[in-house]
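**Student:** Before I ask anything, here is the structure I am working with.
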Amino acid sequence: MQIVNIFFITGKNFKIEEIGKQINRLEGMAPESMEANVTKSHIEWLLSMPWGQYTQDDLDLAHVKEVLDEDHYGLDEIKDRILDFIAIRNLKQDGVSPILCFSGAPGVGKTSLGKSIARSLGRKFQRISLGGVRDESEIRGHRKTYVGAMPGRFIQAIKKAGSLNPVILIDEIDKIGADFRGDPSAAMLEVLDPQQNAEFYDNYLGVPFDLSKVMFIATANDLSQISEPLRDRMEIIELSGYTIEEKVEIAQRHIVKRALREAGIDNDDVQMNKNVLHSIIEHYTRESGVRQLTQVVKRLASKIARHFVESGKMISVTAANIEKYLGPKRFMDDVLSKEDMIGITNGLAWTAHGGEVLKIEAVLMKGHGKLLLTGQLGDVMKESAQAALSYVRAHAEEFDIPHTLFDEFDLHIHVPAGAVPKDGPSAGITMLSSILSAYTQRPIDASFAMTGEINLRGDVMPIGGVKEKILAAKRNNLSAVILPESNQNEFVKVKDLVKDIEVIWVKHANEVLHRVLLPKKQK
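Counting in our numbering, the final residue of the sequence shown is number 579, and the numbers go up one at a time with none missing.
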């Protein structure tokens, strides 16, 4: 048959048997029938795939490092991981591509880093967003019998890339859902498993497809939302938030130049010095990444462009006149009350959006010894409160607390921002401090912030997100943070952040309580 001969001449490396079978079926169909159109579409998809086509990796370590440094400031751990991969490819050409997962708050550079990796390697780049995907057919493809059937997103991405070894960024892998149509995260196991993806089966194509040469990079805000089997298949690399100094450097190197260019302004005509950028970061943004910063700088660039069109003159932006163009400051220097109060302690939380300072309030009321918990607390956080209260009751004599208080008063613990769900064990020591303050009527030193899980013996146990929590304390101008001593091994990564904030390492709750509980106020 002439058509089959053309398939052989093109030298495509696919299942000729499947193509021949589809053509034989097509010959027996009415040309204008729906089934004929479906079969034609299927054959076109098979022919359009980049069978046997690969891009040549750039294996020059110096060039790859130069590209990564040019596009991103810092992120040394990730850059080292990419350079390790390139070094292996230099020694072993058929090595398996790593499957990386960048985890971090919005705006820290996860997606842009994926693009930069593709550019440094000389590979094609494709992005697949899985946020809200609930149908596993989006991954495995629809069967041809369905109306409007299409291959899955990964096969579509390969076709768009035009090569079998692109970099595919799987965005928001933690936002995958599941419903009656199946579980997409289960289908992702086959995509990301090096032992299986060499023969990935897409329901629409109907032939095995090799995904083993693809470099997959996933991004996530919250690792706890990713299933354990899926997490095991990826190498997790956490991207921490940026310090103010790092944000200023990123803005000067990338954000300002790009914003001015997009506004049609010559970079040499407008200068935004460090004082201006400091003012923008401190008074117009509250974030771990630089997404809000990018938006504010773009808004400022548009104001500059408008002024130039109206007056023919460029304006000089300074920290003194910035409110004229951006409006009143959204955030003041002191966002937290510095007054030492009874029952109120500064805690440190780690969320999908970065570090946060979280005030935990405790108050006693006449009652019958009930424990009331409000603020949309999760089960783990509720149990932390119960453990903290049990510790206080067990050590009441040490703190001169009459036992009758526990029976005659209710204890109410509240964590503000009641509309936001909260969970996790790291607020244990903060809750203990607030509870003890309420029972002893001794105020808490408001210059401290703290984090740490506690057990019934009062041991302060390790927590996550050390860097993000220290950054949150710095953003809120707190003078000291109290952290579990067992987290000291992470201090190497964050010691440059603590030049102007005191870090206190503790092993036991008593070390915390003796520091933060102040003497009773004289009436």
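Ideal Cβ placement from N, Cα and C applies to all residues, glycine included. Only a predicted model underlies this, so the values are computations on that prediction, with no experimental measurement involved.
#1: Which of helix, strand or coil does DSSP assign to Gly484?
#2: According to the neighbour-count rule (16 or more other Cβ atoms, all chains shown, within 10 Å of its Cβ), is Asp113 buried or exposed?
#3: Using C-beta distances below 8 angstroms, list every residue in its chain close to Lys551, excluding the 5 sequence neighbours before and after it, in chain order.
#4: So, with DSSP's three-state summary, where would you put Met437?
#5: Of the choices Ile226, Tyr110 and Leu512, whose alpha-carbon is the least far from that of Gln442?
#6: Going by DSSP in three states, Gln442 sits in which element: helix, strand or coil?
#7: Just confirm the distance between the C-beta atoms of Ile416 and Met487, as a whole number of angstroms; I'd bet it's less than 8 angstroms.
#8: Check whether the Cβ atoms of Leu220 and Gln327 sit closer than 8 angstroms, and answer yes or no.
#9: Identify the residues that DSSP records as bridge partners of Gln182: which are they?
#10: Which residues in the same chain as Gly423 place their Cβ atom closer than 8 angstroms to its Cβ, once the five residues preceding and following it in sequence are excluded?
#11: As an exercise, report each continuous beta strand (DSSP E) stretch of at least 3 residues that is fully enclosed by the region 200-288, in chain order.
#12: Enumerated in chain order, which unbroken segments of the alpha helix (DSSP H) with a length of 4 residues or greater are wholly contained in the region 468-556?
#13: Between the alpha carbons of Leu186 and Met206, how many angstroms are there, rounded?
#14: Under three-state DSSP, which class holds Trp615?
#15: Tell me where the beta strand (DSSP E) around Leu404 begins and ends.
#16: Report the option in Asp127, Leu295, Ser268 and Ser446 whose CA atom is closest to the CA atom of Val652.
#17: Is it a yes or a no for the region 446-461 touching the region 359-366, going by three-plus beta-carbon pairs under 8 angstroms?
#18: Shortest alpha-carbon distance to Lys563 belongs to which of Met506, Val548 and Pro575?
#19: Exposed or buried, Tyr257, counting other C-beta atoms within 10 Å across all chains shown (16 or more means buried)?
#20: Tell me, which residues are paired with Leu295 by DSSP?
#21: Looking at the unbroken beta strand (DSSP E) that takes in Thr430, where does it start and where does it end?
**Tutor:** Looking at the atomic coordinates:
#1: The answer is helix: DSSP assigns Gly484 an H, G or I state.
#2: Burial call: buried.
#3: Nothing meets the Cβ criterion.
#4: Reduced to three states, the DSSP call for Met437 is helix.
#5: The shortest C-alpha to C-alpha distance from Gln442 to any of Ile226, Tyr110 and Leu512 is the one to Leu512.
#6: In this structure, Gln442 counts as helix in the three-state DSSP scheme.
#7: Yes, they are in contact, since the Cβ atoms of Ile416 and Met487 sit about 6 angstroms apart, within 8 angstroms.
#8: In this structure, Gln327 does not lie closer than 8 angstroms to Leu220 by Cβ.
#9: Per DSSP, Ile224.
#10: Sequence-distant Cβ neighbours of Gly423 in its own chain, meaning closer than 8 angstroms and more than five residues away, are Glu464, Phe465 and Asp466.
#11: Runs found: 223-227 and 271-276.
#12: Considered as a whole, the region 468-556 harbours 484-496, 522-531 and 547-550 as its complete alpha helix (DSSP H) runs of no fewer than 4 residues, in chain order.
#13: The alpha-carbon atoms of Leu186 and Met206 are separated by roughly 17 angstroms.
#14: This structure does not reach residue 615, given that the chain is present from 57 up to 579, and the question cannot be answered.
#15: Per DSSP, Leu404 is one residue of the beta strand (DSSP E) stretching across Ile400 to Thr407.
#16: The displayed coordinates of the chain run from 57 to 579. Any statement about residue 652 would go beyond what the structure contains.
#17: With the cut-off at 8 angstroms, the region 446-461 and the region 359-366 do not touch.
#18: Measuring from the Cα of Lys563, the nearest candidate turns out to be Met506.
#19: Exposed, by the Cβ-count rule.
#20: As a beta-bridge residue in DSSP terms, Leu295 pairs with Gly160.
#21: Counting along the chain, the beta strand (DSSP E) containing Thr430 begins and ends at Leu427 to Thr430.
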